Amino acid sequence: MKALIVTCHLPTDNKTDKHGWFKRLEIFIDALTDISEIHILYYFNEGQDNLTLEKTAQIEINLSSRINKKVILSLCPYKMRGSLVKKVIDLLFIFYDQKRFFSSKNSLETIALKEKLQTIKPDIIFFSRLPSIVPALGTESEYKFPTIFFDIDDVTHTDYYKRLWSSKLRYLSNSWESVKSSPFFFFQVLHKQLLLSRAVAISDLTFVCSEIDRKYISEKFNDSQVKIVPNAVIIPAKKSSLPSNPNLLFLGNYDRSPNNVIGANFLIEEIWPLIYQQHPEARLIIAGKSPDNIRTYTDNIPGVEFTGFVTDINALYDQTRVVCCPILSGGGTRLKIIEAAAYGKPIVSTTVGAEGLEMIDGREYMLRDQPEDFAQACLELFRNDFLCEELGNQARAAAIKHYDRDCIINLIQEYLQQL
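Here the sequence shown is numbered in this note's numbering, starting from 549 and rising by one per residue.
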């Protein structure tokens, strides 16, 4: 059996590319590896001009080595994102020429996809996230597609609603930038919703990461072939230790999505001063790639440490007493909470940050949306060892039950073999 994986997101640096997108894609690659030959079509951004033949070959070698099976990698530049003006024009066309809106048969990306279908003749084609399937939309009558699996781990247009109508936009940039962003978000909502409806329609199975997303897509687009594939992690052999030091951790990538930047700004500017005022010995660790995108990065705020990318994740969790997830925007489910739960850490999160997870407030974590409440929850966990241990144990049990990577790979394989 042959499988063609089409993606706009591929780890090109094994050491630092640890975003949740990549980790989720790797789970599907591992699931497909056991049952098929792997071919990957990678639509790379125009800014990635450093992808030389030598580097591309190295990526292919790294992927093959990681899964212990030959991976055949092909590249194509991705130019279909388009400007806001183009998207507005596209939306106008939908009212009288739906075929034109979805037509992409003459694009470079669609031609590359067609060539791969003709040369590889795959039995399965797996599209990872919405941008990767766009080149296939409107071309179903032109080309004969094999069985299509589509993974939409972040139902993005619902995220745009959250951002558009929320005052939390101020944590992304200044007020004027927030005002200017509103029309962009509005048209993005409409544009992505139309693309998603078509993507779900041409797919034999659509994968989402939570019951919230499954219900939304099933009801919105009247599609019953939507299956839940939760985000997953490798469960550590043992629970992380609980240090006495009052250290908070927020872990994320700050270069590929504004969601972590918004959350970090909210945490540092609104929550941290309330904690530090009452507990000046406390320390806030902001860990992850590209922290310079956080607007307080150079402000030398007392008690705040920016570590950058961390190679030893076990040591990071061992020195952490409480894990924070102050996310205010975003769809899907937060891998950072699942990972912290697997290590048995007490967690404080916003409602959006914990959305879609099989965990309960007060049992596996503490949900707090207001800065004052969030700060008080963290301070309570500084004082209460028993509560930390109880939340950590319950969180780890939930991670083992619902988010164990090996179990999720088996689940994916069961879904794939159903068709």
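Beta carbons are placed, not taken as given, at the ideal position from N, Cα and C, and that holds for glycine. Remember, it's a predicted structure, so these values are computed and weren't measured experimentally.
What does the alpha-carbon distance come out to for the pair residue i and residue j?
i     : j    : result
R817  : D578 : The amino acid at residue 817 is misidentified as Arg; the sequence shows Glu. Straight-line Cα distance between these residues: approximately 40 Å.
E853  : L797 : 10 Å
L621  : E928 : 50 Å
I696  : K669 : 13 Å
F857  : I842 : 14 Å
S1024 : E887 : Because the chain spans 549 through 967 in this model, residue 1024 falls outside it and cannot be assessed.
C873  : P683 : 35 Å
Y626  : Y591 : 5 Å
Y951  : E602 : 36 Å
A902  : L915 : 8 Å
T667  : V756 : 30 Å
P784  : Y891 : 6 Å
W820  : Q606 : 42 Å
S745  : N654 : 21 Å
A747  : A947 : 31 Å
N795  : A830 : 6 Å
E663  : L552 : 12 Å
I609  : T844 : 39 Å
N770  : R677 : 20 Å
S766  : I760 : 10 Å
L611  : H557 : 14 Å
S889  : I957 : Note on residue identity: the sequence assigns Ala, not Ser, to residue 889. A889 and I957: Cα-Cα distance of roughly 19 Å.
I875  : W569 : 17 Å
A925  : N862 : 24 Å
D954  : H587 : 22 Å
L939  : L742 : 41 Å
Q826  : I833 : 18 Å
T581  : V619 : 9 Å
D921  : V737 : 32 Å
I615  : F675 : 19 Å
V809  : P919 : 17 Å
V871  : P850 : 19 Å
L665  : H567 : 29 Å
Decide if residue i is buried, meaning its Cβ has at least 16 other Cβ atoms within 10 Å, or exposed.
i    : result
Q966 : exposed
P839 : buried
N793 : exposed
Y802 : buried
T855 : exposed
D702 : buried
S772 : exposed
F934 : exposed
Q942 : buried
K763 : exposed
K949 : exposed
K740 : buried
E657 : buried
S680 : buried
T846 : exposed
N848 : exposed
T555 : buried
T687 : buried
R542 : This structure cannot speak to residue 542, because the chain is shown only from 549 to 967.
K692 : exposed
P894 : buried
P559 : buried
N593 : exposed
R944 : buried
S613 : exposed
N932 : exposed
Who are residue i's beta bridge partners in DSSP?
i    : result
A551 : I586 and I672
G856 : A835
T695 : I672
D909 : Y913
P625 : F592
I620 : H587
V896 : C872 and M914
Does the distance between the C-beta of residue i and the nearest non-hydrogen atom of the ligand FAD fall short of 7 Å?
i    : result
N932 : With respect to small molecules bound, the structure shown includes none, and the ligand FAD cannot be examined in it.
Could you tell me whether the region 767-780 touches the region 875-891, using the rule of 3 or more Cβ pairs below 8 Å?
-> Yes: the two stretches touch, three or more of their Cβ pairs being nearer than 8 Å.
For the region 736-809, which segments carrying the beta strand (DSSP E) assignment without a break, of at least 3 residues, lie completely within its bounds, in sequence order?
-> Counting whole runs of 3 or more residues, the region 736-809 contains the beta strand (DSSP E) stretches 753-756, 774-776 and 795-799.
Decide if the region 680-699 is in contact with the region 748-756; the criterion is three or more beta carbon pairs, one per stretch, under 8 Å apart.
-> The region 680-699, when compared against the region 748-756, does touch it at the 8 Å Cβ threshold.
Are three or more beta carbon pairs between the region 803-813 and the region 766-777 nearer than 8 Å?
-> The region 803-813, when compared against the region 766-777, does not touch it at the 8 Å Cβ threshold.
The region 828-839 contacting the region 900-920, beta-carbon criterion three pairs below 8 Å | No contact exists between the region 828-839 and the region 900-920.
What runs of the alpha helix (DSSP H), each 4 residues or longer, lie entirely inside the region 855-894?
-> Secondary structure within the region 855-894: the alpha helix (DSSP H) runs of 4 or more consecutive residues, fully enclosed, are 861-866 and 883-890 (chain order).
Jot down the residue ranges of each uninterrupted alpha helix (DSSP H) in the region 932-960, minimum 4 residues, whole runs only, in chain order.
-> As far as the region 932-960 is concerned, its whole alpha helix (DSSP H) runs of at least 4 residues are 933-950.
How about the region 782-791 and the region 863-872: do they share at least three Cβ pairs that are nearer than 8 Å?
-> Yes, they touch.
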